[in-house]
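Working notes, beginning with the structure itself.
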Amino acid sequence: MEKTYNPQSIETKWYETWEQQGYFSPRENDQDSNSYCIMIPPPNVTGTLHMGHAFQDTIMDALIRYHRMKGDNTLWQAGTDHAGIATQMVVERQLTAEGKSRHDLGRDDFIDRIWEWKEESGGSITRQLRRMGGSLDWAHERFTMDEGLSEAVHRVFVQLYDEGLIYRGKRLVNWDPVLHTAVSDLEVISEEESGHLWHMRYPLTDGSGQLVVATTRPETMLGDTAVAVHPDDERYQAFIGKTITLPLVGREIPIIADDYVDPEFGSGCVKITPAHDFNDYEMGQRHNLPMINILTVDASINDEAPEKYRGFDRYEARDMIIHDLRELDLLEKIDDHKLMVPRGDRSGSVVEPYLTDQWYVKVEPLAKPARDAVTEGRIKFVPDNWNKTYFEWMNNIQDWCISRQIWWGHRIPAWYDEAGNVYVADNEDEVRKKYKLDADLPLKQDEDVLDTWFSSALWPFSTLGWPENTDRLKQFYPTSVLVTGFDIIFFWVARMIMMGLKFMDDVPFKEIYIHGLVRDQDGQKMSKSKGNVLDPIDLIDGISLEDLVSKRTSGLMQPQMAPKIEKSTRKHFPDGIPAFGTDALRFTFAALASTGRDIRFDLQRTEGYRNFCNKIWNATRYVLMNTEDQDTGINNDDIELSLADRWIMSRLQTVSQNVNEHINGYRFDMAARDLYAFVWEDYCDWYLELSKPVLTKEASDAAKRGTRQTLVRVLESILRLNHPIMPYITEELWQRVAPLAGIDGKTIMTQAFPQADDTLLDQQAEEELEWVKTLIMGVRRIRSEMDIAPGKPLPVLLQNSSELDQKRFAENESFIMTLAKLDSVTLLGANDKEPESATALVGEMKLLIPLAGLIDKEAELTRLNKEIAKIDNNLQKSQAKLTNPSFVDKAPEAVVDKERQRVAEMETAIKQLQEQARKIESM
RNA sequence: GGGUGAUUAGCUCAGUUGGUAGAGCGUCGCCCUUACAAGGCGAAUGUCGGGAGUUCAAAUCUCUCAUCACCCACCA
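First residue of the first sequence? That's 423 in my numbering, and the numbers climb one at a time after it.
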């Protein structure tokens, strides 16, 4: 074996083997075993996977591998999402770079072009997932626009339409004037921006005066159809029912009264533009006001407005209108004002409320069962506080606008005749059959496509073959757990629950594990525009600083950011990124995956876990050196187990137990911590060292066999315990270790995950080894603090030893002599005279290392006094408790006893140390 | 305006039903001891955001204040 762990040389080799052997696929025709299934949240085919994906995929793969090892029939469903608007934009940008637009190509060619891109992007995504070690069932990979899924989409649309749960209607929607499409509420991000509040004078038609209205959007006045005041506002009682003449336009519009108006805000008068504001729209409905749309799809002024303003952009028109009102002395004042500006999450442009025909899902009838499923515990959020967020939204849910005026996506299965009648069915033939239409009646399909999330909502069952009642569907629906980020609870999670319950009559998943966001080292969200993204592959394979800089600064939407990004990149990664390997990266994610919190990604953690891999690698080298071609007692019952052997086996059971519990509770951070500590501290630092005296010094063959066997068996278990998190290194090493442990098998992937065996728990061995460790650490500490060379063998005297101490010493002499590097140990009797010594305590026993020529008297005194002060500090606290009568009366007896015992121990210790200090002083 | 979460060692974070505050990284010593210098041995470090309350006992439960982050919402 290589002396140093080198991830590159093992990773791709194993992945290919696994995939070729078909280990990732579930067993067919296995109805008996427990099913375990996770649907991958399908990555968008817009580019490549980022750290958030890598984190999420690590968790899913760890769960999948864990359950596969437990014998479950396990499926991790692979696939990608067509991501309508996002993907269309990516390809449109490419066209723009070529000096073309999608209209130059036409719809069909443009879609072909996107399919080409999909192949490319989808390919790099699956390559990344493979590098991450993801054990997905590639044989059944799906895409939200493949044939089967498209059929599912049609089926759902048609049924919901037939049941009246999908309808078409003309209403105000959020309109993206750059993308020329409607978007749903969720795709609109409102942020506070600085603006103005314009106070405009509207003259009464009868010339009797004027009203002042305040607005943040003066240009919409062209579409005003009323002015509203509060019905109880005394200032305006006389005006209600009168009309004003709209300046610049000349339209006569009524003054109405409505509770919605806040008399305290602005002037207490509101201009009402039902076609361009959601509140005004509702008021328009209440008061039967006309709706005048004054904008084009580009948000320029249309022909409903006075000629002067037609064709101008909304903001140009705003300036003109302000100017014109000022000329007419109709502008009272302009105040600075903070307002919430709604922007499209994709285009970043300011979204307009816009009156159009769109398709909607009537959500409430679907939402009720979806709420119940969580209330009744059929679906559990982990951590459970997310159900509050879920209910918060589900209780206020609005109808879902599902039509988009773009080209890339599922075309809406609706046809129109020339009279505008709507027919909905799977395809045109079906339409004619279903609605009994003449074969020659001209029909035209709806131009729009469906919101991407419509098909994503069907993912848990459409991928399994629905609407066919396939074996896979029967076997794996409902799925076991959904692993996802909180940011798509509304977009995706809630909608999957609604659709799953509606069409499968069962929940889509039993648990939802919500993880945090991966942020950069400063806690910033990672994004291309901030230039702080990391490609998981670059952590696996490493990347030079120059390559990283150019990767981060190329293709920016705002090229002027490049120098800043370069500077910060050079600061954070002065030497680029070394190749850490997949396993170290995965272990990092696991270790950081504490629940309910975002994680800051810290490269140093990954480096630490790369070192951990190296540790396992070298521990294996040691084990192999001492067991290969030697008798490990696999076929020989004549075995003697040392204290260390029994101890490490006992510890292994506890760790196995804990790791199982932690994985089942989605506490990968705790699992990682326990694994790390057990491997590094218990197994490497102590057990491997303890094995040395047995293997290299005089010991019986049976004892050597016992230790060799324990070395191998525990290591083999360690590899299995770590496999769900670190698949590659564990497979590589397991191939060499397993035969020595008498285990036969082609891959660690399908070996049983370690379960605790209580019969191997050995309390006595744990206590005794603790005693051995205390003794050894006592010597080491004196050695270090007294500046004695680590290699110098020392004599030790034991004083005040009990029979148990003496027995323990006799049985473990070899361990102690070797690990503490001693050359002699002498038991002192009660009357034996002790030399000048440095001291450590092992329970009541005193360990003495003679000073002669080695130890500085003053240094030892300082050391003792420091130790005494430390214990005394704790002693006082404990004594205070015990002298408090209410503590003794009210605290449980066990707690009081424990406190008493502690006081006794500390008192003895202090007595011993003080005595020692006196002796040294008097010398 | 509503809601959620956070505040613990220099940094990043654990701390499951209240019972002597932990880890990793970093820091400081000493060591190339034949598994591993990507290492070994040892050490230092905390008024657990502030205040009040409940309790024999609070990082943990309650209230309150402060700071930060995020989500939702129609105030022109």
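All C-beta atoms in this analysis are idealised placements derived from N, C-alpha and C, irrespective of residue type, glycine included.
Reference residue i; option with closest CA among the options
| i | options | result |
| --- | --- | --- |
| W539 | R515, R553, T1042, M461 | R515 |
| D1051 | R1095, Y1031, L1162 | L1162 |
| D1184 | R1095, N1295, W1069, S431 | W1069 |
| L752 | Q827, P640, V683, V785 | P640 |
| P787 | K755, G733, A679, L923 | L923 |
| L1046 | R549, E1138, F1100 | E1138 |
| G1030 | R1095, D526, N466 | R1095 |
| E850 | P835, A841, G842 | P835 |
| T439 | M511, A650, K856, R552 | R552 |
| L1263 | E1337, N1306, D1209 | E1337 |
| L1286 | W498, I1342, D1319 | I1342 |
Local Cβ density within 10 Å of residue i, reported as buried at 16 or more and exposed below that
| i | result |
| --- | --- |
| V575 | buried |
| M705 | buried |
| Q1131 | buried |
| K693 | buried |
| T1152 | buried |
| T1129 | buried |
| H504 | buried |
| N1295 | exposed |
| F687 | exposed |
| A1252 | exposed |
| K1268 | buried |
| G831 | buried |
| F813 | exposed |
Whether residue i touches residue j by CB criterion (8 Å)
| i | j | result |
| --- | --- | --- |
| F565 | G501 | yes |
| N495 | P764 | no |
| I1038 | L1155 | yes |
| G964 | D1020 | no |
| I911 | F876 | no |
| R1127 | N1058 | yes |
| G1164 | Q1173 | no |
| P696 | T638 | no |
| I801 | I919 | yes |
| M473 | F1023 | yes |
| A1066 | F1237 | yes |
| L1297 | R1322 | no |
| Q780 | R833 | no |
| R974 | V955 | yes |
| I987 | L1025 | no |
| D483 | S543 | no |
| V550 | T468 | For the sequence presented, residue 550 should be read as Gln rather than Val. Going by C-beta atoms, Q550 is not nearer than 8 Å to T468. |
| R1008 | L967 | no |
Rounded straight-line distance, which links the Cα of residue j to that of residue i
| i | j | result |
| --- | --- | --- |
| D1227 | H1145 | 41 Å |
| A604 | Y624 | 33 Å |
| T1042 | Y1105 | 11 Å |
| D848 | K855 | 11 Å |
| V635 | T718 | 25 Å |
| W498 | K425 | 36 Å |
| E774 | P599 | 7 Å |
| R590 | R826 | 13 Å |
| E1289 | A1211 | 22 Å |
| E1190 | M1171 | 36 Å |
| V1317 | S1308 | 13 Å |
| D1319 | A1291 | 24 Å |
Near the ligand ATP: residue i beta-carbon under 7 Å from a heavy atom
| i | result |
| --- | --- |
| V600 | Among the components modelled here there is no ligand, and therefore nothing to report on the ligand ATP. |
Mind the definition here: the stretch 995-1005 touches the stretch 1073-1081 only if three or more C-beta pairs lie below 8 Å; say whether that holds. no
Answer yes if the stretch 483-495 comes into contact with the stretch 801-808, meaning at least three C-beta pairs across the two stretches below 8 Å, and no otherwise. no
At a cut of 8 Å, does the stretch 843-861 reach the stretch 462-482 through at least three beta carbon pairs? no
Counting Cβ pairs, one atom from each stretch, are 3 or more of them under 8 Å apart for the stretch 902-916 and the stretch 946-957? no
Counting Cβ pairs, one atom from each stretch, are 3 or more of them under 8 Å apart for the stretch 880-895 and the stretch 521-536? no
Given 8 Å as the limit, is there contact between the stretch 666-676 and the stretch 613-627, that is, 3 or more CB pairs closer than that? yes
Between the stretch 601-617 and the stretch 567-584, can you find at least three pairs of beta-carbon atoms closer than 8 Å? no
Count Cβ pairs between the stretch 753-762 and the stretch 610-621 that sit closer than 8 Å; are there 3 or more? yes
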